[in-house]
Structure formats: C-alpha cells, structure tokens
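The sequence shown lines up with residues -18 to -1, 1 to 372 when you count with mature numbering (1 follows the signal peptide of the UniProt record, and there is no 0).
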Amino acid sequence: MKSQYCIFFMAILALAIACEDTEPAPIENDGVSPGPVTQLAVTNLNGAAEISYQVPSDPDLLYIRAIYTTKQGEIRETKVSRHHSSLTVEGFADTDPYEVTLYAVDRGENASEPVRITVNPKIPPMQLACDSLEVVPTFGGISVNFKNGTADDLAFVVLANDSLGEFAPLNTYYTRLPTGEFAVRGLPSEETQFGLFVRDRWGNLSDTLYVFETPLFEVRLDPSRMKPYVLPTDAPLGYSGRVEALFDETIGNSGGYYHTGDAARMPQWFTYDMGVQAKLSRMTYFMREGFYFSLHNPRRIEIWGSNHPDPDGSFDSWQLLLTHEQVKPSGLPSGQLSQDDIAAAQAGETVIFPIDAPEVRYIRFKTLRNWSDGTYVNFNELMMWGAPVN
C-alpha cells in the first residue's frame, strides 16, 4: 500500500516538473522595427479625430500607437491592436490644429519610424453643450436645459456667490444623456448672478455663461400641519402602516412607514391635507429603508390636487398635477445595488410640479406600479415644497 502511495506521489511530482518545463518562454525580441503605417487619412470629429491607415505587413506586428501633446503640455496616447485599420484620438479642448505621431510596434516593443499627421478637431462636446444651455428661474433656484448631442460624459458646473461672497461652484450635475434638464435649488428669491460651464472627462472646460436670474419663492411646507384625509376609495392600510408616518421627519424605519394591506389592489391611492393651500414646486419621497428599488416602493405614480375633495372618494373634484416614474440609476436587477443606487435612495426621489400647476390644499398620491409589480405600497417619508397662499 505504501508503495502505491509513493508511486502516486512521484507521478504528481513528475507532472509538476513537466508543467514547469513547458512554461511559455518570453517572446523573442528580434531587434528589428516594423515598417511604418501608410496611406493615412483623417476624419475630424467633435473634440476628436479618426485616423485611418494601412498597417505594415510585419508578421510580429502587435499594435499601433498614436501620441499627441495638449496645450498644457500633457502627452496623451491611444493604442489599438494590429487588427484595426483606424484609431480615434480624443479629448481636444478646441479646434486648433494638432500634430499626431503614429508608431507601429511589434511584439518585442520595437517601434517603427514615426509618421506625423495634423488633425483639426471640430468644436468639442463640452463647448457644444455649453452653447446649448437655456437657463430660466424656478422655485428656489434656476432650471437648466441642455443638449449633449454626442452623448459624452459631461459635468455641468453652476457658480454663484457663496456665504463668503466668493464666486464658487454651487452645484455640479453629471450626465451623458443627449438632452436633459436639472435644477439648482435652496436659494433666496433675489436677483443672483450665476455662472455655468461644462467640463469633460479629460478636465477640459468650456467658456463660462453668465446670467442674472431671480429664483421664485419657495419654502418647505410645514410637515406638522399635514394630516391624513381619509376618503372611501383610499387604499386599506396594513402591517402597521400609517399615513401620518410620512410626515414625522424620520426617513428611516424607526419612525414608522406607510404600508397598504392585503385587500389593496393596483392602482391605489391615499389622500392627505397639507394644512395650507400652496403653489407647489416639488415633492420628495423616500423609499422604505432596506428595500431600495425593490418590493413595495412606488415606481410609477400620479399626483392629484384639489381644494374641495368630493366626500364620495371619486376623482371628479381632482386635477392631475403630474405623472412620474422612478428610474434606478444603475439599471441592475432587483436585489443588486450600486453606490449610485444607494446614494439616490438616500437623497430621496424628487418630482417637480409644472410651473402652471394650480394652487391646491389636498393631495392624492396614486401608485400605478410598485418595484415588484405587486399589490402593496409602502415607503418611509414625504416632503413638500412650494409657496403658501393662505
């Protein structure tokens, strides 16, 4: 028996030694540079340029490298494999001519003679986006519309005077959407100078747009005045759910939550009295802690308003103020959360009321779909902003 174990051990040892002996040797450097790329042609793009070429026929060719220098003296490099017949150089901050140098490189890292070509990038995406900006006053700040036709990763930076009187960044909005809108809020209703510029992922900055706007007046409505206003068609509650828990200033589970019962069906709604008639600007609601973008949290909603709700619970006396669908930033399947998802959930889901929405006192929060496509609705907290009128 011992001899069998010994034979088995020796066989394993021999196999290990054999594997060591067959480890691939480093690729031999023949010391011979490949030929250069030929037949170069340029297609100028926004903030970039595509360079096409004919690769040399060297059998050990590995990749093509392109190098250019920015106005700030930074050397940038692009590499593509030998199987490509073009490459794109990116991150140009203006439309000036730039010299790009290309090398063919083999498996031994031998580089060909350089080949130089001049590119003339078109207007960079961050400047195009800045040129598209439209700024209008909104409740508590400004609303900014933009176009990003190249769908680049961009940062929109808004400047204003800070508490020390310094003109400094107030807000930064990141996106790669082709069009969009964002708002900067929490500002007093007084004429304010704003500056806006756009930054790309290479740190290039657009020109700065300067505007003077007066934010519309808004305050956060007093949650202590908000009460349930139960009507016959409102969804039945269950599982310790309470409408008043939405206004207790506690975003986590410790303060309770709204939760419907087993008899509830979609669509479903609840009603509350804000305690004041107001021209509404925005609403923020917070998903139930521990169940972000899953289970019973509202996903698609409608918000209705009224000043004189019909006691029969019908919608005859109500006006639709907005429809909104929550979007998970990462797009990951249920149960999977990115850091962006968590940050968005903790910040709350904010919905903006149309500027022409009527002044109302009573709100009906109607859920059309939850995150599990089920029949329950629950969430933790709800906040309202606007301009009270009485």
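Glycine included, each C-beta is placed from N, C-alpha and C at the ideal position.
Problem - Residue span of the beta strand (DSSP E) that contains ASP88, given as start and end - result: Judged by DSSP secondary structure, ASP88 falls within the beta strand (DSSP E) whose first and last residues are 80 to 88.
Handout entry: Per DSSP, cross-strand counterpart(s) of GLN301
Key = Paired residues: GLY287.
Handout entry: Element boundaries [alpha helix (DSSP H), containing MET108]
Key = Annotation for MET108: the continuous alpha helix (DSSP H) segment containing it runs 107 to 113.
Practice task
Pull up the DSSP beta-bridge partners for VAL180, would you.
Solution key: The beta-bridge partner set that DSSP reports for VAL180 consists of PHE138.
Practice task
Kindly indicate which residue of ALA327, ASN28, ASP88 and SER236 has the alpha-carbon position closest to the one of GLY13.
Solution key: The shortest C-alpha separation from GLY13 is found at ASP88.
Practice task
With a 10 Å radius around its C-beta and 16 neighbouring C-beta atoms as the bar for buried, classify ASP182 as buried or exposed.
Solution key: That one is buried.
Practice task
May I ask you to list the residues that DSSP assigns as paired with ILE345?
Solution key: DSSP, once it has assigned bridges, lists TYR254 and GLY287 as partnering ILE345.
Problem - ASP216 classed as buried or exposed, judged by whether at least 16 other C-beta atoms fall within 10 angstroms - result: When all chains shown are included, ASP216 counts as buried.
Problem - Range covered by the alpha helix (DSSP H) that runs through ALA326 - result: Here the alpha helix (DSSP H) through ALA326 covers 321 to 329.
Handout entry: VAL225 (DSSP reduced to helix, strand or coil)
Key = Looking at VAL225 - three-state DSSP - the assignment turns out to be helix.
Exercise for the section: State whether the region 277 to 288 contacts the region 333 to 351, with contact taken as three or more CB pairs (one from each stretch) at a distance under 8 Å. Expected result: The region 277 to 288 is in contact with the region 333 to 351.
Problem - Length of the line joining the Cα atoms of PRO280 and GLY356 - result: Roughly 10 Å separates the two Cα atoms.
Practice task
Specify the secondary structure class of SER39 as computed by DSSP and reduced to three states.
Solution key: If DSSP states are grouped into helix, strand and coil, SER39 belongs with coil.
Practice task
For ARG351, name the three-state secondary structure that DSSP assigns.
Solution key: Here ARG351 sits in strand by DSSP.
Problem - TYR156 versus ASN289: straight-line alpha-carbon distance, rounded - result: Taking the straight line joining both Cα atoms gives about 39 Å.
Exercise for the section: State buried or exposed for GLU200, treating a residue as buried only when at least 16 other CB atoms are found within 10 Å of its CB. Expected result: Residue burial is scored here from C-beta neighbours: GLU200 has at least 16 other C-beta atoms within 10 angstroms and is therefore classed as buried.
Handout entry: Endpoints, the beta strand (DSSP E) within which VAL318 is located
Key = With the sequence shown as reference, residue 318 is identified as Gln, and Val is not the correct amino acid for it. From DSSP, GLN318 is part of no beta strand (DSSP E); its letter is neither H nor E.
Exercise for the section: Below 8 Å on the Cβ atoms is my guess for ILE106 versus ASP76; work out the distance and round it to an integer in Å. Expected result: Looking at the sequence provided, one finds Pro at residue 106 rather than Ile. Contact holds; Cβ gap of about 7 Å.
Problem - Range covered by the beta strand (DSSP E) that runs through ALA246 - result: Segment: none, ALA246 is in no beta strand (DSSP E) and carries neither H nor E.
Problem - C-alpha distance - TYR221 paired with TRP367, whole-angstrom precision - result: Answer to the nearest angstrom: the Cα atoms are 29 Å apart.
Handout entry: Residue closest to THR190, alpha-carbon to alpha-carbon, out of PHE164, VAL139 and SER145
Key = The residue with the shortest Cα to Cα distance from THR190 is VAL139.
Problem - Straight-line Cα distance separating PRO291 from TYR211 - result: The straight-line gap from Cα to Cα measures roughly 10 Å.
Handout entry: Inter-residue Cα distance where the pair is ASP135 and LYS129
Key = Near 12 Å, if we compare the C-alpha coordinates of LYS129 and ASP135.
Exercise for the section: Using the Cα positions of GLY272 and GLU116, report the straight-line distance between them to the nearest angstrom. Expected result: A direct Cα-Cα distance of roughly 39 Å separates GLY272 from GLU116.
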